[in-house]
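A.B. asks: One structure, pasted below without further comment.
2 protein chains.
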Amino acid sequence: MPTAKKRTKTVTMMNGVPVDRLEETIEAVSADPELGKSEFRARNRWIKGGHNRSTITDFYCAGEERVHEKPFELDNGEHEVLLGNDDGPNPVEQVLHGLAGCVTTTFVYYAAAQGIEIDEVESELTGHLDLQGMLGTAPVKPGYTDVQIKLRVKSDAPVAKLQELATLAQNRSPVLSTVSSPVDLDVELERM
Amino acid sequence: MPTAKKRTKTVTMMNGVPVDRLEETIEAVSADPELGKSEFRARNRWIKGGHNRSTITDFYCAGEERVHEKPFELDNGEHEVLLGNDDGPNPVEQVLHGLAGCVTTTFVYYAAAQGIEIDEVESELTGHLDLQGMLGTAPVKPGYTDVQIKLRVKSDAPVAKLQELATLAQNRSPVLSTVSSPVDLDVELERM
Numbered sequence: 086m087p088t089a090k091k092r093t094k095t096v097t098m099m100n101g102v103p104v105d106r107l108e109e110t111i112e113a114v115s116a117d118p119e120l121g122k123s124e125f126r127a128r129n130r131w132i133k134g135g136h137n138r139s140t141i142t143d144f145y146c147a148g149e150e151r152v153h154e155k156p157f158e159l160d161n162g163e164h165e166v167l168l169g170n171d172d173g174p175n176p177v178e179q180v181l182h183g184l185a186g187c188v189t190t191t192f193v194y195y196a197a198a199q200g201i202e203i204d205e206v207e208s209e210l211t212g213h214l215d216l217q218g219m220l221g222t223a224p225v226k227p228g229y230t231d232v233q234i235k236l237r238v239k240s241d242a243p244v245a246k247l248q249e250l251a252t253l254a255q256n257r258s259p260v261l262s263t264v265s266s267p268v269d270l271d272v273e274l275e276r277m
Numbered sequence: 086m087p088t089a090k091k092r093t094k095t096v097t098m099m100n101g102v103p104v105d106r107l108e109e110t111i112e113a114v115s116a117d118p119e120l121g122k123s124e125f126r127a128r129n130r131w132i133k134g135g136h137n138r139s140t141i142t143d144f145y146c147a148g149e150e151r152v153h154e155k156p157f158e159l160d161n162g163e164h165e166v167l168l169g170n171d172d173g174p175n176p177v178e179q180v181l182h183g184l185a186g187c188v189t190t191t192f193v194y195y196a197a198a199q200g201i202e203i204d205e206v207e208s209e210l211t212g213h214l215d216l217q218g219m220l221g222t223a224p225v226k227p228g229y230t231d232v233q234i235k236l237r238v239k240s241d242a243p244v245a246k247l248q249e250l251a252t253l254a255q256n257r258s259p260v261l262s263t264v265s266s267p268v269d270l271d272v273e274l275e276r277m
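Listed in order, the protein sequences are those of chains C and A. According to this note's numbering, the first sequence is numbered sequentially starting from 86. According to this note's numbering, the second sequence is numbered sequentially starting from 86.
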C-alpha cells in the first residue's frame, strides 16, 4: 500500500527529548527487565607523562550491541603544577564533567516525561580532594571526599516541581549514583 | 651576575614526567600537608535533550588558584538508543575515560618516581549498569555496579615490579578512589 509507505510517524518532542520514545522505553524495560542490562566501554592509550587518550566506540544496551556514529577521542592531561603540559582536562575534572552532564540529562528527561518545559539549565560543580592520598604522604583518601552541585534552572514550572525534579535527578542519575556509592573495581595487569 | 642568569636548570625526565619536580612536590606536601588540599571545578550548560557542554577553566591546588592555559570545552551526548543525537560520549562513558586516564597517570608517575622506564600502556575498561535504576522501573542502583580495567604494559621491568605499580595505581588513583568509595554529594537547586 503506497499510502502506508508515505505515512510518517509523528514525534512528540519536549525539551529536545522524544517523549513518545521515552515512554516506549520505560514500558519495554518494565516488561522485560533484561533490556536494562548495559555495558559501557573505553579504550585508552598512554601518550607521555600525564597525557593519554581514550577512544569510545561501542557499547551494549537494550539487548543489542551499539556503535557510535563516529568514535569519540578524548584526551586526559595534567596542568603544569601537576607535572604535565595541560594537554587536556585532568581525570578528576573529567569526572565532574560527566557528573554535571548526567544530572542535567536526568533532570531534563524527567521534566520531559512529566510534560514540564525547561528553558535553561546551568550547573557549577566543585569537588575537594587531598593530594596527600595520591602522593602517598599520608593515609588519606586519594579521591574526592565531597562534591557540590549548584543547579540553576529557568522554567515557568513552580519551584516545588523543579525541586522534585532535582531530587529525582539526584536519586536516579547514573553518574551521581556511581560517585556517591561504592563500585566494585577490578584491575588486571598484563604485560605486552 | 650574568652567568647566573644564563644558567639553565637541568630537568630529569622519566616517562615524560619531570622526576625532580615530582620529588620536590612530595617533599613540599610532606612538610606542609595544607598544600595537598585541592578543589577542582566544572561549569556546564544544557544545550538540548541529552546534549550539554562543560567548560573547565580553573582550580585550586598546592596553595594557589590555577588557570588552565586555555579553557577546555567538553560535550556530553546520548546515542540514539538513549534518545539523543550522539553529540558526544555519554556521561557514564566520560567516567570510564577519566578512570582510565587516572589509573594510567598514577601508574606512570609512580614508575617515574621509582626509575622504572615504561614503553607503552594501554587499557580497556568495561562498566556494567542497569537502566532500570535511571528509569525508575525497579529499585536497583542507577550507576555502575562494577568496572573492570585491563591494563597492558610494555616495559623491561620484572613483571612483579609492574604488578606492584599496578597495585599502587589501584590504591592511589584519585578517580579510582572516587568511584570505588562513597563521596558526599550535595545538589542545590536555584531558579534563574
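Note that CB positions come from ideal geometry on N, CA and C, so glycine has one too.
Which term fits C:PRO176, buried or exposed, when burial requires 16 or more other beta carbons within 10 angstroms of its beta carbon?
C.D. replies: With 16 or more Cβ atoms within 10 Å of its Cβ, C:PRO176 is classed as buried.
A.B. asks: On the DSSP letters alone, give me the boundaries of the beta strand (DSSP E) that A:GLY212 sits inside.
C.D. replies: Element bounds for A:GLY212: 205-215.
A.B. asks: In whole angstroms, what separates the C-alpha of A:LEU274 from that of C:ARG237?
C.D. replies: Each residue's Cα considered, the two are about 6 Å apart.
A.B. asks: Any C-beta of chain C sitting closer than 8 Å to the C-beta of A:GLY212?
C.D. replies: By this cut-off, A:GLY212 is an interface position.
A.B. asks: Closer than 6 Å by C-beta to C:MET219: which residues in its own chain qualify, once you throw out the five before and the five after it? Chain order, please.
C.D. replies: These residues qualify, in order along the chain: PRO227.
A.B. asks: Quick test of your reading: C:ILE121 and A:ASP215, contact by CB under 8 Å. State the CB separation rounded to the nearest angstrom.
C.D. replies: Note that residue 121 of chain C is Gly in the sequence shown here, rather than Ile. With a Cβ gap of about 4 Å, C:GLY121 and A:ASP215 count as contacting.
A.B. asks: C:VAL272 and A:ILE234 look like a contact to me (Cβ under 8 Å); what is the Cβ gap, rounded to whole Å?
C.D. replies: About 5 Å separates the two Cβ atoms, so the contact holds.
A.B. asks: Please look up how many angstroms separate the CB atoms of A:ARG130 and C:GLU207, rounded, as I've assumed it's under 8 Å.
C.D. replies: About 5 Å separates the two Cβ atoms, so the contact holds.
A.B. asks: Taking the beta carbon of C:THR97 as the centre, do at least 16 other beta carbons fall within 10 Å, making it buried, or is it exposed?
C.D. replies: By the 10 Å Cβ count, C:THR97 comes out exposed.
A.B. asks: Can you pull the DSSP bridge partners for C:ILE141?
C.D. replies: According to DSSP, which records beta bridges pairwise, C:ILE141 is partnered with C:PHE157.
A.B. asks: Going by alpha carbons, who is nearest to A:GLN179 out of A:PRO103, A:GLN217, A:ARG151 and A:LEU159?
C.D. replies: That would be A:LEU159, whose Cα lies nearest to the Cα of A:GLN179.
A.B. asks: Which term fits A:GLN248, buried or exposed, when burial requires 16 or more other beta carbons within 10 angstroms of its beta carbon?
C.D. replies: Per the 10 Å Cβ criterion, exposed.
A.B. asks: In the segment 169-243 of chain A, which residue ranges form an unbroken beta strand (DSSP E) of at least 3 residues, counting only runs that do not cross its ends?
C.D. replies: Qualifying beta strand (DSSP E) stretches, in chain order: 205-215 and 231-239.
A.B. asks: Are C:MET277 and C:GLY200 closer than 8 Å when you measure CB to CB?
C.D. replies: No.
A.B. asks: Suppose contacts are defined by Cβ-Cβ distances below 8 Å. Is A:LEU31 in contact with A:GLY134 by that definition?
C.D. replies: Past the boundaries of the shown model lies residue 31 of chain A; chain A is included only from 86 to 277, so the question cannot be answered.
A.B. asks: Contact criterion: CB-CB distance below 8 Å. Does C:GLY183 meet it with respect to chain A?
C.D. replies: Chain A, which has a Cβ nearer than 8 Å to the Cβ of C:GLY183, makes this yes.
A.B. asks: Quick check on the burial criterion: 16 or more other C-beta atoms within 10 angstroms. Buried or exposed for A:ASP269?
C.D. replies: That one is exposed.
A.B. asks: If I measure Cβ to Cβ from A:GLU209 and keep anything under 6 Å in the same chain, skipping five residues before and after, which residues do I get?
C.D. replies: LYS235.
A.B. asks: Select from C:SER115, C:ILE111 and C:ILE141 the residue whose C-alpha is nearest the C-alpha of C:GLU124.
C.D. replies: Of C:SER115, C:ILE111 and C:ILE141, the residue nearest in Cα terms is C:ILE141.
A.B. asks: Let me make sure I understand the geometry here. Which of C:TYR195, C:VAL225 and C:THR222 has the alpha-carbon closest to that of C:VAL104?
C.D. replies: The option with the nearest alpha carbon to C:VAL104 is C:TYR195.
A.B. asks: For A:ARG257, is the classification buried or exposed, using 16 other Cβ atoms within 10 angstroms of its Cβ as the cut-off for buried?
C.D. replies: Classification for A:ARG257: buried.
A.B. asks: Just the chain A side, please: which residues come within less than 9 Å of C:GLY121 by C-beta, in chain order?
C.D. replies: By Cβ distance, chain A contributes LEU214, ASP215, LEU216, GLN217, GLY218, MET219, LEU220, THR222, ALA223 and VAL225.
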